[in-house]
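Engineer: Protein chains in written order, with my numbering: chain A, 18 to 149; chain B, 5 to 198.
Glycine residues also receive a C-beta, built at the ideal position from the N, C-alpha and C atoms.
No experiment lies behind these values; they were computed from the predicted model shown.
Quick one: the structure is below, and I'll ask about it shortly.
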């Protein structure tokens, strides 16, 4: 979990599910896992994961290998690529949705922003924070 | 509150589409659950552009921008985008003639031969304003919500005028609806002559 007071600038990768309640700028890459942007989460980053659920705010492109869900409290500005997309009533979305990603290649930008230092107790051990 | 409304001409749009065909759709208006769910049955890329949310167009002399600049800003799609289907809903009822023409001019580069459109106009210009948001549930069924704010600039056009203003689309069919509105099925004119 990335807690509500945590700000991360850089690339977040890992081998477990992730809940973002804080701020992330850069990119999030959790290919075979689930990313949830919680209600207090503010993400200015491209996200790539198996399942992406957005309850908070995201500005960036979102690729879900399996599905993307924008809940009623979600606010997304960006482009979504996923074979299944669910938009709940009340969700705000501006951008495009590609539901035929068969010919798409995974395209995730690697941010090189200066990282901040999150508190160790807020970052799950399976997550790897990279910075340029 | 969401209500259902039948659409007589919409099925014609989808009748020509093979389920295996990859399509690109322009949806003018906010992204809504029914539309996303509906198009998930197709190999589809959906572009949502909520022009209504940006209206009215503030003129340049009042610190705004020209209608052409307005639509070019909103219709800023990735290179190579070509729309098979354009869902205008009742957009043209909220644009003056100059803005309709700017809309068409800005959209033209993103169309291909065979592009189709759907929208609503009025049977006569005294038809009262309806502030509604549309989405698709089924090929012949729309979901209609009441818009939270009343849109300014309601200026519906006579059908004959609209035919001229929609420079890149031609009317394939129109159906008179019960509330004195028209449902329009559009197809792109040969772009070389538009």
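(1) Output, in sequence order along the chain, the residues in the region 59 to 76 of chain B whose CB is closer than 7 angstroms to any CB in chain A.
(2) Roughly how many angstroms lie between the CA atoms of residue 170 of chain B and residue 95 of chain B, to the nearest whole one?
(3) Which residues in the same chain as residue 108 of chain A place their Cβ atom closer than 7 angstroms to its Cβ, once the five residues preceding and following it in sequence are excluded?
(4) By a C-beta neighbour count over all protein chains shown, 10 Å radius and 16 as the cutoff for buried, is residue 34 of chain B buried or exposed?
(5) Taking only the alpha-carbon atoms, compute the straight-line gap between residue 16 of chain A and residue 99 of chain A and give it to the nearest angstrom.
(6) Counting C-beta neighbours from all protein chains within 10 Å, is the total for residue 160 of chain B 16 or more, i.e. buried, or is it exposed?
(7) Under 7 angstroms Cβ-Cβ, which residues of chain A neighbour residue 1 of chain B?
(8) Which of the three DSSP states, helix, strand or coil, is assigned to residue 115 of chain A?
(9) For a contact meaning CB atoms closer than 8 angstroms, what does residue 44 of chain B contact in chain A?
(10) For residue 168 of chain B, count the other beta carbons within 10 Å of its own beta carbon; 16 or more makes it buried, fewer makes it exposed. Which is it?
(11) Please classify residue 40 of chain B: does DSSP put it in a helix, a strand, or coil?
(12) Look at the Cβ atom of residue 186 of chain B, then the Cβ atom of residue 192 of chain B, and state whether they are nearer than 8 angstroms.
(13) Can you look up residue 118 of chain B in the DSSP assignment and give me helix, strand or coil?
(14) Here's a check: name, in chain order, each residue in its chain whose Cβ is nearer than 6 angstroms to the Cβ of residue 111 of chain A, leaving out the five neighbours to either side.
(15) Name the two residues that bound the continuous alpha helix (DSSP H) containing residue 30 of chain B.
(16) Mind checking residue 128 of chain A: buried by the 16 CB within 10 Å criterion, or exposed?
(17) Look up residue 172 of chain B in the DSSP assignment and give the residues it is bridged to.
(18) Is there a Cβ from chain A that is less than 8 angstroms from the Cβ of residue 50 of chain B?
(19) Using the Cα positions of residue 34 of chain A and residue 47 of chain B, report the straight-line distance between them to the nearest angstrom.
(20) With which residues is residue 199 of chain B paired in a DSSP beta bridge?
(21) Let me know if residue 38 of chain A comes out buried or exposed under the rule of 16 or more other beta-carbons within 10 Å of its beta-carbon.
(22) Residue 133 of chain B by DSSP, collapsed to three states: which one?
(23) For residue 25 of chain A, decide whether its Cβ has a neighbour in chain B, counting only Cβ atoms nearer than 8 angstroms.
(24) Would you kindly work out how many angstroms separate the C-alpha atoms of residue 123 of chain A and residue 101 of chain B, rounded to a whole number?
(25) Going along chain B, which residues have a C-beta under 9 angstroms from residue 57 of chain A?
(26) Sort out for me which residues DSSP pairs residue 45 of chain A with in a bridge.
(27) Tell me residue 81 of chain A's beta-bridge partners as DSSP assigns them.
(28) Thinking C-alpha only, which one of B/166, B/142, B/147 is nearest residue 17 of chain B?
(29) Could you check if residue 137 of chain A is buried or exposed, using at least 16 other CB atoms within 10 Å of its CB as the buried criterion?
(30) Following the continuous beta strand (DSSP E) through residue 199 of chain B, name the residue where it begins and the one where it ends.
(31) For the region 143 to 155 of chain B against the region 6 to 22 of chain B, are there 3 or more C-beta pairs whose distance is under 8 angstroms?
(32) 8 angstroms is my cut-off, CB to CB: does residue 88 of chain B come that close to chain A?
Structural biologist: The short version:
(1) none
(2) So the alpha carbons of these two residues sit roughly 12 angstroms apart.
(3) 87, 88, 89, 91
(4) buried
(5) In this structure chain A extends from 18 to 149, so residue 16 of chain A is not present and cannot be described.
(6) buried
(7) In the structure displayed, chain B extends from 5 to 198; residue 1 of chain B sits before or after that span and is not available.
(8) strand
(9) 101, 102, 116
(10) exposed
(11) helix
(12) no
(13) Note: residue 118 of chain B maps to strand in three-state DSSP.
(14) The answer, listed in chain order, is 94.
(15) No alpha helix (DSSP H) contains residue 30 of chain B, which is instead part of the beta strand (DSSP E) from 26 to 32.
(16) Here residue 128 of chain A scores only 31 on pLDDT, less than 50, and its place in the model is too uncertain to base an answer on.
(17) Looking at the DSSP assignment, residue 172 of chain B forms no beta bridge with any residue, so it has no partner.
(18) yes
(19) Each residue's alpha carbon lies about 29 angstroms from the other.
(20) Given that chain B is displayed from residue 5 to residue 198, the structure contains no residue 199 of chain B and the question cannot be resolved.
(21) buried
(22) coil
(23) Among the CB atoms of chain B, none fall inside 8 angstroms of the CB of residue 25 of chain A.
(24) Model confidence at residue 123 of chain A stands at a pLDDT of 37, short of 50, so the residue's coordinates are unreliable and nothing is read from them.
(25) Near residue 57 of chain A there are no residues of chain B at all, since even the closest Cβ is about 23 angstroms away, more than 9 angstroms.
(26) A/29, A/64
(27) A/66
(28) B/142
(29) Unreliable positioning characterises residue 137 of chain A in this predicted model, as indicated by a pLDDT of 40, which lies under 50. The coordinate reading is nonetheless provided below. Label assigned to residue 137 of chain A: exposed.
(30) In the structure as shown, chain B starts at 5 and stops at 198, and residue 199 of chain B therefore has no counterpart that could be examined.
(31) yes
(32) no
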